[in-house]
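Report on one structure; see the data block that follows.
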Amino acid sequence: MIEFCGIALAHPIVNGSGTFDAIAARRAFGDALLDEFPFSAFVSKTITLLPRAGNPPPRLWEAQAGLINSIGLPNRGLQGYLEHDLPQLADLPVPLITNVMGSTASEVGQLVEAIDARDEVAAIELNVSCPNVQTGLDIGADPGSLAALLRAVRPLTSKPLIVKLTPNTADVAAVALAAEAAGADAVSLINTLRASALRPDGEGRPWLGGGTGGLSGPAIRCVALAQIGSVARRVAVPIIGMGGVTLGAHALDLLCAGATLVAVGTESFRDPAAGTRIARELKSLQIAGSRRATPAESEPQVQVDVKSADSH
Ligand code: RRO
Numbered sequence: 513m514i515e516f517c518g519i520a521l522a523h524p525i526v527n528g529s530g531t532f533d534a535i536a537a538r539r540a541f542g543d544a545l546l547d548e549f550p551f552s553a554f555v556s557k558t559i560t561l562l563p564r565a566g567n568p569p570p571r572l573w574e575a576q577a578g579l580i581n582s583i584g585l586p587n588r589g590l591q592g593y594l595e596h597d598l599p600q601l602a603d604l605p606v607p608l609i610t611n612v613m614g615s616t617a618s619e620v621g622q623l624v625e626a627i628d629a630r631d632e633v634a635a636i637e638l639n640v641s642c643p644n645v646q647t648g649l650d651i652g653a654d655p656g657s658l659a660a661l662l663r664a665v666r667p668l669t670s671k672p673l674i675v676k677l678t679p680n681t682a683d684v685a686a687v688a689l690a691a692e693a694a695g696a697d698a699v700s701l702i703n704t705l706r707a708s709a710l711r712p713d714g715e716g717r718p719w720l721g722g723g724t725g726g727l728s729g730p731a732i733r734c735v736a737l738a739q740i741g742s743v744a745r746r747v748a749v750p751i752i753g754m755g756g757v758t759l760g761a762h763a764l765d766l767l768c769a770g771a772t773l774v775a776v777g778t779e780s781f782r783d784p785a786a787g788t789r790i791a792r793e794l795k796s797l798q799i800a801g802s803r804r805a806t807p808a809e810s811e812p813q814v815q816v817d818v819k820s821a822d823s824h
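The opening residue of the sequence shown carries number 513 in my numbering; numbering runs sequentially from there.
Structure below.
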């Protein structure tokens, strides 16, 4: 068991918002999904106050080591979420984190207040980092604007408030510090890196219906590692680290960089059970690591002969 913002979790692997549709997965896999749910907490797709249709297609582009998405936040809106999605998500065997986004402090406030009233929800994640809508990203890239937003909405909930940061800013640690000072209980990073793809006809026109998108997957893992490390050196609040994790060893890297939890995103599109596998791999690495740190008395200590090793 590990503890995150007062919530007890079975292991450190959660999902990245919008990368695992638990309601569709339940339809596809039935109760088997609940018997071995891949994550220790479930983070919902971002919801907005009013329903949104999302961006026109195409919405995805497969890059060489990742995926560019321009989904554009399609969702049923707050009322649709509360009436349709929440009762089904509340059936999951793990704590629920609801991810919300608004384009003004008043919109975010209404979302936070409504979610705060629901006992089914353990924590709120505030998305200030979607690369695919006009508003939202600006707030998350600027420490002053983010602090003002948080000062307005922080008093509206007693639930843990996690702020999902953007990597598309010059100094992510400065934004994280501002979030912490204005009352965030945790930060999560990284969201996708702003990216473009062109149609293959060579005429220079964008492939994605939304024009540009956000890059995720293995291509961004090293960026995530650097940004999580720089945030961890500056803030005391816990971090949910994510970006290109496909193996337990990658999750361990992000924990070593300072994350408390690790989210799996794009890998779940390839393998819906990736969370279970990554949690298992991580656990064996941690067990092997703690054995190495405290060798048993009975284990022979290996002496390395530097001279003879050098001569080979
Ligand atoms: O829906 C999206 O296009 C989207 C969102 Br809300 C987000 O936070 N990050 C992303 O890459 N896509």
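Just so you know, even glycine gets a beta-carbon here, dropped at the ideal spot from N, CA and C.
Here the alpha carbon of L638 sits roughly 12 Å from the alpha carbon of E625. Taken in chain order, the complete alpha helix (DSSP H) segments of 4 residues or longer contained in the region 659 to 732 are 684 to 693.
Per the C-alpha coordinates, the member of P605, L561 and V612 positioned closest to L590 is L561.
Closest option to I580, judged by alpha-carbon separation, among A707, A738 and P784: A707. If the five residues before and after P570 are omitted, its C-beta is found closer than 7 Å to the C-beta atoms of W719, L720 and G721, all from its own chain and listed in chain order. Inter-segment contact for the region 605 to 615 and the region 549 to 559 is present: three or more beta-carbon pairs are separated by less than 8 Å. Per DSSP, reduced to three states, the secondary structure at E632 is coil, with no helix or strand assignment. Residue burial is scored here from C-beta neighbours: I751 has at least 16 other C-beta atoms within 10 angstroms and is therefore classed as buried.
When the Cα atoms are used, P524 and S615 turn out to be separated by approximately 31 Å. When rounded, the separation of the alpha-carbon atoms in V526 and L546 is 15 Å.
In summary, C768 is exposed, with fewer than 16 beta-carbon neighbours lying within 10 Å of its beta-carbon over all protein chains present.
Rounded to the nearest angstrom, the gap between the Cα atoms of R711 and A575 is 13 Å.
Contact between I627 and V640 is absent: CB atoms are separated by about 16 Å, not below the 8 Å threshold.
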